[in-house]
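Going by our numbering, the sequence shown opens with residue 2, and the numbers climb by one from there. C-beta: ideal position from N, C-alpha, C; glycine also. Below is one structure, written out as C-alpha cells, with a few remarks after it.
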Amino acid sequence: MEMKKVIITGVTGQDGSHMADYLLSQTNHIIVAGVRRLSVSNHKNIEHLKDNPRFRLIDLDITDNSNVDRVIQEERPDFFLNFAANSFVGNSWKMPVNHMMTNCMAVLYQLDSIKNHVPSCRYYNAGSSEEFGDVVQVPQSETHPLRPRSPYGVSKCSARHLVKVYSDSYDLYAVQGWLFNHEGVRRGTDFVTRKITHNIARIKKSIDLNKPFTPLELGNIEAKRDWSDAEDFMDGVWKMMNQEHPKNYVLASGEMHTIREFLYETLNTAGIKFKTTGKGESEKLYTKDNRLIFQVNPEFYRPAEVNELCGDSSSIERDLKWKRKTDFKGLVKKMYNSDFEDLG
C-alpha cells in the first residue's frame, strides 16, 4: 500500500482524533495534524498518538489565510480532511460572525490554496444534518433541500456551495458529506448527549456515596435527533474520499430518538430508578427517595429548533458498502460507562 500524506484539522476534537486513530490503524499513511496554538491546545484526545512516527503536529490556524496557504504549499498533502469547526449549534446565535469565519471562510482558504498549489489533493469538509433545518420530509436523503434554521446551519450550507463550485470549476476532488448527530466518549460536555451521560454518572456516584448533588438541567427534551457512534462515521468518511469520482453522502442511523429517550436510557443504564412530575417547562425527575435528578430549564431553549432530523444513509450503504456498527442503546451504554469510570 502506497504511503500518502493526510492533513487533518480539528484533530484534538472528537472527529479529528477518531479519524487519526482510524487512518493510523487502517492505512500506512502519514498524518499531519493541524492544531491552533500548539502550546495551549487541549491534547487529551491525541495524547496516545504523540509517539507514533506516522503522526506529526503542526501549528495551523484555519482562519489565517496566509498560514493555511503556507502549510498546504509546504506539506503538499494527498488528502485534506477538515474537521475543525465551531460545531455547537446553540452558540451560533451568540457568535454568528465567528461561525461564518471558521466554518465557511476557512473552507474557502483551504480550497483556494489546494487549487493553486496541489490540485491533485482530495478534500473533505465535514457537513451537517443542520443544513437540512426546516425539514420537508422524514427521513432526509442527499436530495433534501437545504433549509437551515441556525447561523451554524447557514455556515455549513455556505461551505457546501463553495465545495461544489471549486469541485466543478477546477476539477478538484472535493466532497462534503452530511453527518447526522454522532456522539461518543470524546464528545464535548457542552453537547447534550455528553452533558447527559457525564452528569448522570456524577449523580450516580453521589447516590452511591450518599452525598448531595446538583440536578441536571436541559432545554427542550422533546427535540428528536438521529444519533450514531462517531467512530462508525470515520469509515464512511474515508470511503467517501476514495471513490472514482467525488460524491456527497448522508451518514446516519436512520432512527429518531428524543432527548428525553437519551436521558431515560442513560438513567436505566446507570440503574437509577426515578419518577416524573410536571409537564413541559415544569417537568422534573426525582429519585425514589425524592431527590431532584433533572429539571427543564427554559433558558436553554434555542430561538429556532430543528425538531425532526433523521437521515437516510441507504445510498452510501448501497454504493460504498458502509454500515454502522453501534446501535442507540450501545452508544448510550458506551458513553455512560466511560464517564462513570473517569470519575474514579
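Q. Roughly how many angstroms lie between the CA atoms of G255 and D313, to the nearest whole one?
A. Counting from one through the sequence shown, the residue named residue 255 turns up at place 254. Counting from one through the sequence shown, the residue named residue 313 turns up at place 312. Spanning the two alpha carbons is a distance of roughly 6 Å.
Q. Taking K165 as the reference, which of S114, Y124, T64 and T190 has the closest Cα?
A. Along the sequence shown, one-based indexing puts residue 165 at 164. Of the listed residues, the one whose Cα sits closest to K165 is Y124.
Q.
I'd like the list of long-range same chain contacts for P78, defined as Cβ closer than 6 Å, with 5 residues on each side in sequence excluded.
A. For the purposes of this step, residue 78 is taken as residue 77 along the sequence shown, with counting starting at 1. Excluding sequence neighbours, P78 sits near K6, I8 and C122.
(Q) Measuring alpha carbon to alpha carbon, tell me which residue in Q296, N66, V36 and F80 is nearest N200. (A) Numbered from 1 along the sequence shown, position 199 holds the residue referred to as residue 200. Minimum Cα distance to N200 is reached at Q296.
Q) Is it buried or exposed for N249, if we count other Cβ within 10 angstroms and need 16 for buried? A) To locate residue 249, count along the sequence shown from 1; it is residue 248. By the 10 Å Cβ count, N249 comes out buried.
Q) Pairing CB atoms from the stretch 151-161 with CB atoms from the stretch 319-328, are three or more of them under 8 Å? A) no
Q) Taking the continuous alpha helix (DSSP H) assigned at N66, which residues delimit it? A) In the sequence shown, the residue the question calls residue 66 occupies position 65. Unbroken alpha helix (DSSP H) run through N66: N66 to E76.
Q. Going by alpha carbons, who is nearest to V12 out of Y23, L310, S67 and A253?
A. Against the sequence shown, residue 12 aligns to sequence position 11. It is Y23 whose Cα lies nearest to the Cα of V12.
(Q) Between the stretch 55-73 and the stretch 103-111, can you find at least three pairs of beta-carbon atoms closer than 8 Å? (A) yes
Q: Return the CA-CA distance between Q15 and M336, expressed in angstroms with no decimal places.
A: As a working note, residue 15 is residue 14 in the sequence shown. As a working note, residue 336 is residue 335 in the sequence shown. Computed Cα separation, rounded: 13 Å.
(Q) Tell me which residues share the same chain as C158 and place their Cβ nearer than 6 Å to its Cβ, disregarding the 5 neighbours each side in the sequence. (A) Working through the sequence shown from its first residue, we reach residue 158 at position 157. E132, L147 and P149.
Q. Taking the alpha carbon of L112 as the point to measure from, which residue in D233, L82 and P97 has its own alpha carbon closest?
A. Numbered from its first residue, the sequence shown carries residue 112 at position 111. If we check each option's Cα against that of L112, L82 comes out closest.
Q) What residue ranges within the stretch 95-158 form continuous beta strand (DSSP E) runs of no fewer than 3 residues, ordered along the chain? A) 123-126
Q) When the Cα of R203 is compared with those of E3, T10, S339 and S170, which residue comes out closest? A) To locate residue 203, count along the sequence shown from 1; it is residue 202. Looking at the Cα atoms, S339 is the closest of the given residues.
Q. From the DSSP output, which residues share a beta bridge with G17?
A. Within the sequence shown, the letter at position 16 stands for residue 17. Partner(s): none; G17 has no beta bridge.
Q) By how many angstroms is the C-alpha of G189 removed from the C-alpha of S207? A) Sequence index remark: in the sequence shown, residue 207 carries index 206 (1-based). Sequence index remark: in the sequence shown, residue 189 carries index 188 (1-based). Each residue's alpha carbon lies about 22 Å from the other.
(Q) Suppose you measure from the CA of L252 to the CA of K212; what does that come to, to the nearest Å? (A) The residue you call residue 252 lines up with position 251 of the sequence shown. The residue you call residue 212 lines up with position 211 of the sequence shown. About 42 Å.
**Q.** Cβ-Cβ distance between K280 and Y287 below 8 Å
**A.** Position 279 of the sequence shown, counted from the first residue, corresponds to residue 280. Position 286 of the sequence shown, counted from the first residue, corresponds to residue 287. No. Outside cutoff.
Q. Among residues of its own chain, excluding the 5 on either side of V90, which ones have a beta-carbon nearer than 8 Å to its beta-carbon?
A. In the sequence shown, residue 90 corresponds to position 89, counting from 1. Correct list, in chain order: E131, S151, Y153, G154 and R303.
Q | Residue closest to T327, alpha-carbon to alpha-carbon, out of R292, D230 and E266 | A | The residue labelled residue 327 in the question sits at position 326 within the sequence shown. Nearest option by C-alpha distance: D230.
Q) From L344 to V139, what distance separates their C-alpha atoms? A) In the sequence shown, counting from the first residue as 1, residue 344 sits at position 343. In the sequence shown, counting from the first residue as 1, residue 139 sits at position 138. The alpha-carbon atoms of L344 and V139 are separated by roughly 39 Å.
Q. For Y287, which beta-bridge partners are listed by DSSP?
A. On the sequence shown, position 286 is the one that residue 287 refers to. According to DSSP, Y287 bridges with K276 and L293.
(Q) Based on DSSP bridge pairs, tell me the residues matched to W323. (A) Along the sequence shown, read from residue 1 onward, the residue named residue 323 stands at position 322. Per DSSP, none; premise fails for W323.
Q | Beta-carbon spacing of L293, I197 below 8 Å | A | Taking the first residue of the sequence shown as 1, we reach residue 293 at position 292. Taking the first residue of the sequence shown as 1, we reach residue 197 at position 196. No, the pair does not count as a contact, with Cβ atoms beyond the cut-off.
Q) For V333, does the count of other Cβ atoms within 10 angstroms reach 16, so buried, or fall short, so exposed? A) Translated into positions along the sequence shown, residue 333 becomes position 332. Buried, by the Cβ-count rule.
Q.
Quick check on DSSP: helix, strand or coil for F341?
A. Residue numbering aside, residue 341 sits at position 340 when the sequence shown is read from its first letter. Three-state result, F341: helix.
Q | Simplified DSSP state of S93, which is helix, strand or coil | A | The residue labelled residue 93 in the question sits at position 92 within the sequence shown. Reduced to three states, the DSSP call for S93 is helix.
Q. What's the C-alpha gap between R37 and T10?
A. On the sequence shown, residue 37 is found 36 positions in, with the first residue counted as 1. On the sequence shown, residue 10 is found 9 positions in, with the first residue counted as 1. Whole-angstrom Cα-Cα distance: 9 Å.
Q: Consult DSSP for D60 and reduce its assignment to one of helix, strand or coil.
A: In the sequence shown, the residue the question calls residue 60 occupies position 59. Reduced to three states, the DSSP call for D60 is strand.
Q. Would DSSP call S88 helix, strand or coil?
A. Position 87 of the sequence shown, counted from the first residue, corresponds to residue 88. The answer is coil: DSSP assigns S88 none of H, G, I, E or B.
(Q) With a threshold of 8 Å on Cβ separation, who are the neighbours of M350 within its own chain once the five nearest residues in sequence on each side are excluded? (A) The shown model of the chain, from 2 to 345, leaves out residue 350, and the question about it has no answer.
Q.
For a quick check, are the C-beta atoms of R57 and V33 less than 8 Å apart?
A. Here residue 57 refers to the residue found at position 56 of the sequence shown. Here residue 33 refers to the residue found at position 32 of the sequence shown. Yes; because the gap between Cβ atoms is below 8 Å, this pair is in contact.
Q. Who does H258 pair with in a DSSP beta bridge?
A. Position 257 of the sequence shown holds residue 258. H258 is bridged to R226.
Q. How would you call L61, buried or exposed, if buried means at least 16 neighbouring beta carbons within 10 angstroms?
A. Sequence index remark: in the sequence shown, residue 61 carries index 60 (1-based). L61 should be labelled buried.
**Q.** Three-state secondary structure (DSSP) of A231
**A.** Your numbering for residue 231 matches position 230 in the sequence shown. In the structure shown, A231 sits in a helix (DSSP, three-state: H, G or I).
Q: In the DSSP assignment, find the alpha helix (DSSP H) that holds T215 and state where it starts and stops.
A: For the purposes of this step, residue 215 is taken as residue 214 along the sequence shown, with counting starting at 1. No alpha helix (DSSP H) contains T215, which DSSP labels as neither H nor E.
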